[in-house]
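Trainee: Residue numbering for the sequence shown follows our numbering, starting at 128 and increasing by one per position.
Heads up, the beta-carbon is just placed ideally off N, CA and C, and yes, glycines get one too.
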Amino acid sequence: MNRLVIPALCALTLAACASTPTTFQPAMGPQSVGYSEYRIEPGRYRITFRGGPGAPPGLVTDYALLRAADLAIADGYDWFRVSDRFLEGQPNRSPRFSVGVGGGGGSYGWRGGSSVGVGLGTSFPLGGGPAVAATIEVLMGRGPRPTGGDVYDPRGLRQTLMGRGI
C-alpha cells in the first residue's frame, strides 16, 4: 500500500502544474483563452483578453493592449486611448491537494492531566489558479498623439511588448 502513495502524490503534483496555456490568439468561444473584440463604432472597440488558469493579470492586460495596437495599425490609426478598463477574475474553485503535519502529546495521571499540540499545513490548487480576463475600451485617432498616460502609440507599444517576449 505504501508503494502506491508516492506515485499517487507525484501524479497529483504534476496535475497541479498542468493548466491551459495563455497565448496570444483569437478566442474560440466565450470562455476560451484568447482575445475577442466588439466594434462599437468606427475607431472605437471593446477588447477582451481571457487568460488561462493561473495567468498573471499583467500578462492578460498586455495581451488586450497588444490586440488594440494590432487593430489600430490594421485600420490605419496613429494612436489609441484607453477610455475604460476592468479586470475580472473567477474565484479558484478547483480541487486542492493538502498536506499537513501535526504533533502532540499528553500526560494524564492520577491527580490531573495536561496536553500539548502543534500543527502545520498547506494546500496547493490542482487547477492552476483563477482565470483572469482584461477588458478595455479604446478610442482610436489619426494625427498628432494627444497627451496623457492612457494614450498609446500602437507601433511603439507592439514593438515594446514583442521585445519583452510576449
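#1: Taking all protein chains shown into account, do 16 or more other C-beta atoms lie within 10 angstroms of the C-beta of ASP189, making it buried, or fewer, making it exposed?
#2: Quick check: what's the CA-CA separation for PRO150 versus GLY161?
#3: Within the continuous alpha helix (DSSP H) that includes GLY216, where are the two ends?
#4: Let me make sure I understand the geometry here. Which of GLY268, GLY203, ALA195 has the alpha-carbon closest to that of THR175?
#5: Cutting at 6 Å between CB atoms, please list the residues of its own chain near ALA191, excluding the five before and the five after it.
#6: DSSP on LEU136, reduced to helix/strand/coil?
#7: Looking only at its own chain, which residues have a Cβ that is under 6 Å from the Cβ of MET327, when we skip the five neighbours before and after it?
#8: Measuring only the C-alpha atoms, how far is LEU186 from ARG291?
#9: Helix or strand or just coil, what does DSSP make of MET267?
#10: So, for ARG212: in the same chain, excluding its five sequence neighbours on each side, which residues have a beta-carbon less than 6 Å away from its beta-carbon?
#11: Relative to the alpha-carbon of MET155, which residue among ILE167, GLY178, ARG272, PRO184 has its alpha-carbon at the smallest distance?
#12: Closer than 6 Å by C-beta to GLU164: which residues in its own chain qualify, once you throw out the five before and the five after it? Chain order, please.
Mentor: For this structure:
#1: buried
#2: Reading the sequence as shown, one finds Thr at residue 150 and not Pro. Answer to the nearest angstrom: the Cα atoms are 7 Å apart.
#3: Taken as a continuous stretch (DSSP letters only), GLY216 belongs to no alpha helix (DSSP H), being part of the beta strand (DSSP E) at 206–216.
#4: ALA195
#5: ILE174, PHE176, ALA261, ILE263
#6: Any reading at LEU136 must be qualified, since the residue scores a pLDDT of 47, below 50, and its modelled position is unreliable; no value is offered.
#7: With the chain covering only 128 through 293, there is no way to say anything about residue 327.
#8: 11 Å
#9: strand
#10: ILE263
#11: GLY178
#12: TYR172, ILE174
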